[in-house]
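The block underneath contains the structure these notes are about, expressed in structure tokens.
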Amino acid sequence: MRLVTVWAVGVICLIGFVNAHPSSNQIEERSNSEKVVNGIPASAGEFPFMTVLRLNGDLCGGTLIGPSHVLTAAHCLADHTQSEVTAFTIYVNTLSIDGGGTGSVTVGVSKFITHEFYDPVTVDNDIAVIVLKTPVTIVTPVKLPIDSSVITTTVKPTTTKSTTTKSTTTPKTTTTKSTTIPKTTTTKSTTTKTTTTKTTTTKTTTRKPTTTMKTTTGKLTTSTGKPCSCTCPQPTSLPVFMRAFSTYANSPAVIAGWGQTSFGGIVSDVLLKADVVIQDNSVCTSQYGTTDFIAADMLCASAPGKDTCEGDSGGPILVNGTQVGITATGIGCADPKYAGIYTRVTTYLGWIATTIAKNPAPTVG
1 MRLVTVWAVG VICLIGFVNA HPSSNQIEER SNSEKVVNGI PASAGEFPFM TVLRLNGDLC
61 GGTLIGPSHV LTAAHCLADH TQSEVTAFTI YVNTLSIDGG GTGSVTVGVS KFITHEFYDP
121 VTVDNDIAVI VLKTPVTIVT PVKLPIDSSV ITTTVKPTTT KSTTTKSTTT PKTTTTKSTT
181 IPKTTTTKST TTKTTTTKTT TTKTTTRKPT TTMKTTTGKL TTSTGKPCSC TCPQPTSLPV
241 FMRAFSTYAN SPAVIAGWGQ TSFGGIVSDV LLKADVVIQD NSVCTSQYGT TDFIAADMLC
301 ASAPGKDTCE GDSGGPILVN GTQVGITATG IGCADPKYAG IYTRVTTYLG WIATTIAKNP
361 APTVG
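Note that our numbering has the sequence shown beginning at 1, numbered continuously upward.
And the structure:
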């Protein structure tokens, strides 16, 4: 993981990094104080939603996603307890690692919520939300992906025309025959690293059964023996919606943070940014294997000589100003053989919305 511990101003101790060139299975989360490798200084107001997280001695990045909520990586908070939040400080809309500057806001923390299935070994579900003690109303939150790419298809209903015949006087009743599609289960297994003995965990996603109703209308007859007809209202076509988020493969992207400028180096005093390209999932799996790169929950990005590094954890990767990932992990920093790994935000939009709804801003007064 890309996280560091701050013992004093300007004094940094790196955690979890022993070898400057770890093996392919020695994946570390991006430390709380990593900075961007080969980045350039960001301009004032360029990333107002960026946040510096001072977490009782640890340092991470994050993004303001609402007046009272910050998005970050779960591994930034995994070693902390709720009782420590009084020692947490967050700087919003600042270029300095120490906060301050025009329009900067300093705010405390009420509580934090890490993903309930966060796995510190596989770094799967590496996402968390921080609830601020007071709302930040003068800074515009970062944009998250939306359902603008929803695909709409129209399903035409099957109808049966009612008919009449000369027959007996007893009407037949309408019968309904239902065909039920059984539940389907998707199983996703996380993986093992050679440096650490991992237990394989299985997450199951259950889809609710869909019931297709097919109706058949019986014949109606009258006592007069004369035929009659029944005009039934015809149901209209119903739209079916499906999410169709982009994988962002081959998209130009921007990373930003206060982390190390080189592997094992020192953190940056100012916010740095760099241009990278989001790689196709096949590239990521070829580098890390399916055990360390979980395509449904992660994405990876790289560019020659550029990467996030220790201390950039929790910060964003942006495509056209929209946050599509959260800095999570990787092997080394800017190693040409390994792209940086990010939590895929589109996978967790539902979790983010639910978490915010269940954890509103604290009542003031």
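Heads up, the beta-carbon is just placed ideally off N, CA and C, and yes, glycines get one too.
Any non-hydrogen atom of the ligand SAH closer than 8 Å to residue i Cβ
{"i": "Gln279", "result": "You won't find the ligand SAH in this model; it holds no ligand whatsoever."}
Residue(s) in a DSSP beta bridge with residue i
{"i": "Cys284", "result": "Beta-bridge pairing links Cys284 to no other residue."}
{"i": "Lys273", "result": "Ile40, Ala256"}
{"i": "Leu144", "result": "The partner list for Leu144 (beta bridge, DSSP) is empty, contrary to what the question assumes."}
{"i": "Ser313", "result": "Beta-bridge pairing links Ser313 to no other residue."}
{"i": "Ile130", "result": "Val70, Phe112"}
{"i": "Ala301", "result": "Ile278, Gly340"}
{"i": "Asp307", "result": "Val37"}
Integer Cβ distance of residue i from residue j, believed to fall under 8 Å
{"i": "Ala42", "j": "Gly314", "result": "Wrong, their Cβ atoms sit about 16 Å apart, outside the cutoff."}
{"i": "Val36", "j": "Ala256", "result": "7 Å"}
{"i": "Thr114", "j": "Leu77", "result": "6 Å"}
{"i": "Gly62", "j": "Ile356", "result": "So it is not a contact: roughly 14 Å between Cβ atoms."}
{"i": "Trp258", "j": "Val107", "result": "Not quite, the Cβ-Cβ distance comes to about 17 Å (not below 8 Å), so this is no contact."}
{"i": "Leu64", "j": "Val139", "result": "6 Å"}
{"i": "His75", "j": "Val121", "result": "Not a contact, Cβ separation roughly 11 Å."}
Spatial distance of residue i from residue j (CA atoms)
{"i": "Ser83", "j": "Val267", "result": "27 Å"}
{"i": "Pro182", "j": "Tyr348", "result": "With a pLDDT of 36 at Pro182, under the threshold of 50, the predicted position of this residue should be treated as unreliable, though the coordinate-derived value follows. The alpha-carbon atoms of Pro182 and Tyr348 are separated by roughly 26 Å."}
{"i": "Ala253", "j": "Phe112", "result": "28 Å"}
{"i": "Thr270", "j": "Lys358", "result": "Inspection of the sequence shows that residue 270 is occupied by Val rather than by Thr. Approximately 34 Å between the Cα atoms of the pair."}
{"i": "Thr322", "j": "Thr94", "result": "19 Å"}
{"i": "Asn38", "j": "Thr261", "result": "6 Å"}
{"i": "Thr285", "j": "Gly45", "result": "36 Å"}
{"i": "Ser110", "j": "Tyr118", "result": "21 Å"}
{"i": "Ile278", "j": "Gly100", "result": "32 Å"}
{"i": "Asp58", "j": "Tyr91", "result": "14 Å"}
{"i": "Val131", "j": "His69", "result": "5 Å"}
{"i": "Lys273", "j": "Asp312", "result": "11 Å"}
{"i": "Leu144", "j": "Ala249", "result": "17 Å"}
{"i": "Thr291", "j": "Thr363", "result": "43 Å"}
{"i": "Ala367", "j": "Val136", "result": "Given a span of 1 to 365 for the chain in the structure shown, any question on residue 367 remains unanswerable."}
{"i": "Thr331", "j": "Met50", "result": "Checking the sequence, you will find Ile at residue 331 rather than Thr. Going from the Cα of Ile331 to the Cα of Met50 covers about 24 Å."}
{"i": "Ile151", "j": "Thr86", "result": "Its pLDDT being 41, under 50, Ile151 is placed unreliably in this model, and the coordinates cannot settle the point."}
{"i": "Ala361", "j": "Thr134", "result": "7 Å"}
{"i": "Glu310", "j": "Val142", "result": "23 Å"}
{"i": "Val319", "j": "Asp307", "result": "15 Å"}
{"i": "Ser282", "j": "Ala353", "result": "30 Å"}
{"i": "Ile127", "j": "Pro316", "result": "12 Å"}
{"i": "Val276", "j": "Gly305", "result": "10 Å"}
{"i": "Thr346", "j": "Phe293", "result": "16 Å"}
{"i": "Asn125", "j": "Leu71", "result": "13 Å"}
{"i": "Thr366", "j": "Leu55", "result": "Outside the displayed span of the chain (1 to 365) sits residue 366, for which this structure offers no information."}
{"i": "Phe263", "j": "Gly350", "result": "35 Å"}
{"i": "Ile97", "j": "Asp280", "result": "33 Å"}
{"i": "Pro48", "j": "Ile40", "result": "16 Å"}
{"i": "Thr89", "j": "Gly265", "result": "24 Å"}
{"i": "Gln287", "j": "Lys337", "result": "7 Å"}
State whether the segment 290-300 contacts the segment 342-361, with contact taken as three or more CB pairs (one from each stretch) at a distance under 8 Å. The segment 290-300 is in contact with the segment 342-361.
In the segment 57-124, which residue ranges form an unbroken beta strand (DSSP E) of at least 3 residues, counting only runs that do not cross its ends? Runs of the beta strand (DSSP E) inside the segment 57-124: 58-66, 69-72, 88-92, 105-114.
Secondary structure, beta strand (DSSP E): runs of 3+ residues fully inside the segment 313-364: If one requires a minimum length of 3 residues, the beta strand (DSSP E) runs lying completely within the segment 313-364 are 316-319, 322-330, 340-344, in chain order.
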